[in-house]
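For the protein sequence lines, the chains are A and B, in the order given.
Quick note: the first sequence, position 189, residue 189 per the UniProt record's numbering, numbers continuous.
Quick note: the second sequence, position 226, residue 226 per the UniProt record's numbering, numbers continuous.
Contents: one structure, followed by commentary.
Number of protein chains: 2
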Amino acid sequence: MSVNIKTIAKMAGVSVSTVSKIMNNYSDISEDTRTKVLEIMKQTGYVPSNSAKTLATKKSNLIGVIFAGKLNIDFTHPFFIEVLNSFKKQMGFLGYDLLFFSNEKSHALDGDYLARCRHFNVDGCIIVTGQQVEPSISELDYSEIPCIGVDIELKGRSSGYIMSDNYKMSYKVVEHFYLQGYRELGYIGSTLESDISNTREKGYKDAIESFGLAVNENWFINGDNFFEESGYEAINKMIAADRMPQAVFAASDLLAIGAMRALKEHQLRVPQDVAIIGCDDIEACKYTTPALSTIRQNKDKIGRLAASLLFDLINTQSETSNVVVEPELVIRESCGSRLKE
Amino acid sequence: MSVNIKTIAKMAGVSVSTVSKIMNNYSDISEDTRTKVLEIMKQTGYVPSNSAKTLATKKSNLIGVIFAGKLNIDFTHPFFIEVLNSFKKQMGFLGYDLLFFSNEKSHALDGDYLARCRHFNVDGCIIVTGQQVEPSISELDYSEIPCIGVDIELKGRSSGYIMSDNYKMSYKVVEHFYLQGYRELGYIGSTLESDISNTREKGYKDAIESFGLAVNENWFINGDNFFEESGYEAINKMIAADRMPQAVFAASDLLAIGAMRALKEHQLRVPQDVAIIGCDDIEACKYTTPALSTIRQNKDKIGRLAASLLFDLINTQSETSNVVVEPELVIRESCGSRLKE
DNA sequence: CTGAAAGCGCTTACAG
DNA sequence: CTGAAAGCGCTTACAG
Chain A
1 MSVNIKTIAK
11 MAGVSVSTVS
21 KIMNNYSDIS
31 EDTRTKVLEI
41 MKQTGYVPSN
51 SAKTLATKKS
61 NLIGVIFAGK
71 LNIDFTHPFF
81 IEVLNSFKKQ
91 MGFLGYDLLF
101 FSNEKSHALD
111 GDYLARCRHF
121 NVDGCIIVTG
131 QQVEPSISEL
141 DYSEIPCIGV
151 DIELKGRSSG
161 YIMSDNYKMS
171 YKVVEHFYLQ
181 GYRELGYIGS
191 TLESDISNTR
201 EKGYKDAIES
211 FGLAVNENWF
221 INGDNFFEES
231 GYEAINKMIA
241 ADRMPQAVFA
251 ASDLLAIGAM
261 RALKEHQLRV
271 PQDVAIIGCD
281 DIEACKYTTP
291 ALSTIRQNKD
301 KIGRLAASLL
311 FDLINTQSET
321 SNVVVEPELV
331 IRESCGSRLK
341 E
Chain B
1 MSVNIKTIAK
11 MAGVSVSTVS
21 KIMNNYSDIS
31 EDTRTKVLEI
41 MKQTGYVPSN
51 SAKTLATKKS
61 NLIGVIFAGK
71 LNIDFTHPFF
81 IEVLNSFKKQ
91 MGFLGYDLLF
101 FSNEKSHALD
111 GDYLARCRHF
121 NVDGCIIVTG
131 QQVEPSISEL
141 DYSEIPCIGV
151 DIELKGRSSG
161 YIMSDNYKMS
171 YKVVEHFYLQ
181 GYRELGYIGS
191 TLESDISNTR
201 EKGYKDAIES
211 FGLAVNENWF
221 INGDNFFEES
231 GYEAINKMIA
241 ADRMPQAVFA
251 ASDLLAIGAM
261 RALKEHQLRV
271 PQDVAIIGCD
281 DIEACKYTTP
291 ALSTIRQNKD
301 KIGRLAASLL
311 FDLINTQSET
321 SNVVVEPELV
331 IRESCGSRLK
341 E
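Now the structure itself:
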């Protein structure tokens with residue numbers, strides 16, 4: 001019933017090859033036949049089959065989206081979902097649609113990302129990730145398939161990555177705290193398996209020392225993940241171990257929000273008793289009391305850049321390029337500054 | 001280079017048909033050849049091509065995800081993204097992956113949803129929607145492609161939909177307000193083009209009358225959408241028009257959050273001066289001060305049910321079924337109750 | 001500027 | 001229980 005390239009060719013009185021060339025904008029076609037064929041395609045509402053084209057060309061115009069890592073990163077993750085939102089827009093603009101791989105246990109090719117990319121002939125993929133990345137990801141990374149990583153350093157020859165400057169953001173936080181007069185600084189990180197968290201911690205400690213302050217290990221706590229509960233527990237551990245620092249930088253906003261909840265329960269005021277700065281600038285920052293100061297990761301820019309980098313990786317033999325995005329300190333109420341946004 | 005069904009057949013010394021049957025779990029194959037072929041597939045790391053299979057069968061094992069409506073619903077929408085999250089999990093469990101259609105202007109098939117579904121041979125699709133739905137959606141709805149709508153009533157013979165009981169939720173809100181002693185009740189809705197908002201308003205007014213109270217039209221404001229700014233403006237309009245009601249139900253949490261901001265600016269306390277109840281139970285409700293009471297939509301259940309309904313629509317000639325999910329009142333601090341969650 | 005034909009990698013009657 | 005062959009709807013050298 002459905003009209004295909006053969007139907008169009010017959011109706012136009014031309015060959016299938018000619019129709020194909022017209023669809024693909026070949027130049028060596030007379031204007032006459034081109035307009036005639038185009039007209040018939042419009043009349044009949046012809047839609048070319050993607051699977052046939054993919055089978056013939058090995059290109060699907062599809063980008064695979066992979067949530068990697070054992071830790072449950074999914075659509076509800078406030079940072080990654082915003083990055084993906086902007087990635088999707090830019091990728092759509094470039095003419096691609098997005099294929100989200102399910103990773104449920106029941107799935108046949110579950111966990112074998114490279115196999116699934118080949119199965120669907122995706123033209124490239126974006127990998128967003130929590131901690132504890134599976135070996136299957138690096139198999140993909142080193143394959144011929146173009147990949148772009150967000151918050152994960154891909155090293156393959158057809159791979160690239162993009163992330164915020166995690167080292168520098170910590171410097172900005174310490175500098176701010178220092179200027180506010182705080183001298184005793186603490187840090188709440190995620191698990192030690194997170195490179196992101198570790199880089200932020202390293203940057204934080206280095207900055208503390210560069211300002212001539214002392215690092216007190218009792219004020220450095222690493223939780224299990226980037227979520228709220230870990231921040232809550234971190235504060236409780238700090239309180240149990242020692243007196244509190246004057247100011248704390250948390251490696252995510254959710255950690256910071258958990259931390260503020262714990263402080264409140266201990267009758268410690270934010271920022272008067274303990275100043276807090278989070279990281280990411282998720283929506284929730286605006287709704288907490290006090291409103292949470294944070295390091296803004298430019299999620300829109302990260303998403304758009306990821307799309308453009310991937311596009312270049314797919315369409316040119318461009319050198320793999322890795323981009324670091326400048327983070328920005330956003331002052332609200334939780335960090336003891338008089339400044340408002 | 002890459003191994004295909006022919007390679008496998010040759011290596012196993014059988015025909016291509018036989019290999020195909022084994023992949024598709026046909027029963028009329030001897031155990032011997034089956035194990036031999038399976039073994040070779042494993043050794044070679046054979047991955048069947050989805051496009052070839054789709055071309056031959058017209059089934060892609062892909063579900064199209066469509067964000068419909070002129071109003072910008074995207075990944076950052078706190079309600080729909082949670083529904084999609086649970087939908088994706090359940091759909092993955094059922095063996096499907098998700099294809100997200102871009103809807104950027106530059107895209108060739110932009111706006112023609114049916115064409116895009118046919119282009120990719122999706123087995124079915126899920127439509128989530130804001131207001132002002134395009135005509136192209138109902139073309140899809142009435143096509144042969146199985147569709148499931150979330151918060152939109154699809155009427156086609158291979159379509160179904162799922163939503164919360166929008167009428168009943170309003171009754172629950174009014175009942176609660178009534179029991180708390182409030183007699184002057186207001187409502188903040190979205191645009192009049194939103195069926196969802198209109199149903200909630202209708203239910204609200206009917207409930208008010210069934211409790212023998214009066215409806216004051218000055219206390220019923222419809223904004224432009226379900227977002228924060230509309231709620232903010234709605235309160236300003238109410239204040240400009242009349243004295244304030246004692247309690248207000250907002251058709252979304254974001255409207256409620258905007259409303260609370262406006263009330264605060266006018267020195268009106270929540271809930272002492274005006275009690276507020278929102279709708280959806282998004283994450284942010286927990287972080288506002290006071291914490292926002294709300295109608296919880298069971299997003300996890302809605303997503304899972306949508307997946308199961310769609311699966312049935314695809315795999316059986318099941319009657320189209322439309323499901324209404326029971327909403328639940330969640331009491332926090334903003335509605336004047338002594339109860340805590 | 002146009003067309004015939006092989007090929008992409010599967011599935012599916014059909015014959016044996 | 002197994003296989004030969006046609007077909008799905010495109011693209012791409014190649015010949016003219």
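Yeah, the Cβ is synthetic: ideal placement off N, Cα and C, and Gly gets one too.
For clarity, every value in this text was computed on a predicted model and none was experimentally measured.
8 Å is my cut-off, CB to CB: does residue i come that close to chain A?
i: Asp74 of chain B; result: yes
i: Phe226 of chain B; result: no
i: Lys88 of chain B; result: yes
i: Glu217 of chain B; result: no
i: Ile81 of chain B; result: yes
i: Leu99 of chain B; result: yes
i: Asn103 of chain B; result: yes
i: Thr129 of chain B; result: no
i: Leu55 of chain B; result: yes
Please check if any C-beta of chain B sits within less than 8 Å of the C-beta of residue i.
i: Leu305 of chain A; result: no
i: Met91 of chain A; result: yes
i: His266 of chain A; result: no
i: Ser308 of chain A; result: no
i: Tyr96 of chain A; result: yes
i: Tyr287 of chain A; result: yes
i: His176 of chain A; result: no
i: Glu341 of chain A; result: Caution is warranted here: a pLDDT of 34 is assigned to Glu341 of chain A, below 50, making its placement in the model unreliable, and no coordinate value can be reported.
Would you mind giving the Cβ-Cβ distance between residue i and residue j, rounded to the nearest angstrom? I have them listed as a contact below 8 Å.
i: Leu329 of chain B; j: His176 of chain B; result: 6 Å
i: Ile137 of chain A; j: Ala68 of chain A; result: 5 Å
i: Asn85 of chain A; j: Asp74 of chain B; result: 5 Å
i: Ser334 of chain A; j: Ile277 of chain A; result: 7 Å
i: Thr320 of chain A; j: Ser158 of chain A; result: 7 Å
i: Val16 of chain B; j: Ile29 of chain B; result: 13 Å between Cβ atoms; not a contact.
Below 7 Å on C-beta distance, what does residue i contact in chain B?
i: Arg34 of chain A; result: Near Arg34 of chain A there are no residues of chain B at all, since even the closest Cβ is about 17 Å away, more than 7 Å.
i: Asn85 of chain A; result: Asp74, Phe75, Thr76
i: Phe120 of chain A; result: Asn50
From the DSSP output, in three-state form, read off residue i for me.
i: Val16 of chain A; result: helix
i: Tyr187 of chain A; result: strand
i: Ser334 of chain A; result: coil
i: Leu310 of chain A; result: helix
i: Val174 of chain A; result: helix
i: Gly181 of chain A; result: coil
i: Ser51 of chain A; result: helix
i: Arg157 of chain A; result: coil
i: Asp224 of chain A; result: coil
i: Thr199 of chain A; result: helix
i: Met244 of chain A; result: coil
Work out the CA separation of residue j and residue i for me, nearest whole Å.
i: Phe100 of chain A; j: Tyr187 of chain A; result: 35 Å
i: Ile331 of chain B; j: Glu228 of chain A; result: 22 Å
i: Val133 of chain B; j: Thr35 of chain B; result: 52 Å
i: His77 of chain B; j: Ile208 of chain B; result: 30 Å
i: Asn25 of chain A; j: Leu98 of chain B; result: 30 Å
i: Asp280 of chain A; j: Ala284 of chain B; result: 16 Å
i: Ile162 of chain B; j: Asp165 of chain A; result: 43 Å
i: Glu341 of chain B; j: Leu268 of chain A; result: The pLDDT assigned to Glu341 of chain B is 34, lower than 50, so where the model puts this residue is not dependable, and the model offers no usable value.
i: Val173 of chain A; j: Asn315 of chain A; result: 39 Å
i: Leu38 of chain A; j: Val83 of chain A; result: 38 Å
i: Glu184 of chain A; j: Asn222 of chain A; result: 18 Å
i: Tyr113 of chain B; j: Glu139 of chain B; result: 8 Å
i: Ala234 of chain A; j: Val150 of chain A; result: 26 Å
i: Pro48 of chain A; j: Asn322 of chain B; result: 33 Å
i: Thr33 of chain A; j: Ile127 of chain B; result: 39 Å
i: Gly130 of chain B; j: Met169 of chain B; result: 20 Å
Show which residues of chain A have a CB atom less than 8 Å away from the CB atom of residue i.
i: Ala115 of chain B; result: Gly45, Val47
i: Ser60 of chain B; result: Ser51
i: residue 348 of chain B; result: Any property of residue 348 of chain B remains undetermined from this structure, which presents chain B solely from 1 to 341.
What residues from chain A crowd round residue i, counting only those whose CB sits closer than 7 Å?
i: Glu283 of chain B; result: Ala284
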